[in-house]
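For reference, the structure is listed below as structure tokens.
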Ligand SMILES: [Cu+2]
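Chains as they are written, first to last, in this note's numbering: chain A, 27 to 239; chain B, 7 to 235.
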């Protein structure tokens, strides 16, 4: 006669269900980065091309070091934890869905390998005026806007124009880089402080948008 | 009983638990009674050889209705009255009346964060020494607080389970309420109204501090909520 111990049956069931859940996420490598990225698609888009509707910027093709650094900033509260940062406060809890530094780096790697996409121009700025003002920016972001890892300055030529303006506004207003511990943010904050007004920000965004990818 | 699962951390928590407990006992009583009768009837009048179904005559049916329907119906109405009296008493104490606050705290909900504005050293809001924090609320045990609750975008609900406090936040409106923390500790604040994909991950932390610890925090308002993996 076969006797089944109920507790063993339950344990076996629980174990099989649990292993089923765990095996949903690949344990490592590109596949895990891709799976983790599914959590970002809702706002940043399937190709990380960004969404104007969600105010989520294009992040495809951003270098791994920069994506990882920003996600970590969101997690620790160096970015996106300011009461006036409506968009940052949305990104902040999302960054916390990544539960380890290695997961952050895997998603960042996946994102960095996606082909760069540039959104449509949405603002009317004067690119010629922007070009003159961009001279200061090129010291760190490069004359072609391709960034400079040594300066911790990300590529900016592929950014959505509305995002460029919103970030310059945030840096200038202390809504991004509000914490002295955010040293790379602090460099950029000083630069944004020197931009006179919103019109100048739009001109810069128009010029940056015109840079060849 | 309920406090065994969730501490009672505010002056009105035990009243709310009392109400929940009363309703629970009443519904449990009726549930067990009705199910008991149902199964007893199923068993009592099961199909048996030699027993045919019979219809009650009018007179017997009336007596039957009084016994099985009218009497329980009235007793249930009495239970309803008890629930209504209990609910109105608690409601008027918790929601309709508000004791004079020692301090006011502003709470703003948005996708997906809580912003708390503490009055700071001078005990007054909208002054230079206000302390604004994201996702963490600091209060002093034993003090009466009133809150001004707002929402920036969509509906949210300000829920502090240990306080038994839950209040919807509605864009365009400032809703006031109050609480008086009674135990020191670190507790959860959550959003109790679906507010978008980040709804489940918009928790905040509540720190109920002793007067000394609270004064120390106000003097040096560091954010505790450093992120740990
Ligand atoms: Cu919410």
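Cβ coordinates follow ideal geometry from the N, Cα and C atoms, glycine included.
A quick note: this is a predicted structure, and the numbers were derived from the prediction, not measured.
Of all residues in the stretch 89 to 121 of chain B, those with a C-beta nearer than 8 angstroms to a C-beta of chain A are 114, 116, 117, 118, 119 and 121, reading in chain order.
Under DSSP, residue 171/B takes part in a beta bridge, and its partners are 166/B.
Assignment of residue 204/B by DSSP, reduced to helix, strand and coil, places it in the coil class. Taken through DSSP and simplified to helix, strand or coil, residue 144/A comes out as coil. Listed as beta-bridge partners of residue 182/B by DSSP are 154/B. The residues 62, in chain order, have a CB closer than 7 angstroms to that of residue 129/A in the same chain once the five nearest residues on each side in sequence are set aside.
Cβ contact annotation for residue 172/A (same chain, cutoff 6 angstroms, sequence separation greater than five): 181, in chain order.
If you look at residue 80/B, you'll find it in the alpha helix (DSSP H) that goes 77 to 97. Contact check between the stretch 60 to 69 of chain B and the stretch 107 to 123 of chain B: fewer than three CB pairs, one atom from each, fall below 8 angstroms, which does not count as touching. The stretch 150 to 160 of chain A makes no contact with the stretch 66 to 74 of chain A; the number of CB pairs closer than 8 angstroms stays below 3. For residue 167/A, the uninterrupted alpha helix (DSSP H) segment begins and ends at 153 to 167.
Residue 117/A has its Cβ no nearer than 7 angstroms to any heavy atom of ligand 1. Counting only the Cα atoms, residue 163/B lies some 5 angstroms from residue 173/B. Below 8 angstroms, enough C-beta pairs join the stretch 181 to 197 of chain A and the stretch 217 to 236 of chain A to call them touching: three or more. Interface with chain A (8 angstroms Cβ-Cβ cutoff): residue 200/B is excluded. With a 10 Å radius around the Cβ and a threshold of 16 neighbouring Cβ atoms, residue 58/B comes out exposed.
In this structure, residue 70/A has its beta carbon at no less than 7 angstroms from each heavy atom of ligand 1. 8 angstroms or more divides the Cβ of residue 115/A from the Cβ of residue 103/A.
For residue 24/B, no Cβ of chain A is located within less than 8 angstroms of the residue's own Cβ.
Listed in chain order, the alpha helix (DSSP H) elements of length 4 or more contained wholly in the stretch 119 to 155 of chain B amount to none. Residues of the same chain with a CB within less than 6 angstroms of the CB of residue 133/A, apart from the 5 flanking positions on each side, are 59, 62 and 63 in chain order. For residue 59/A, the enclosing alpha helix (DSSP H) has its first and last residue at 55 to 70.
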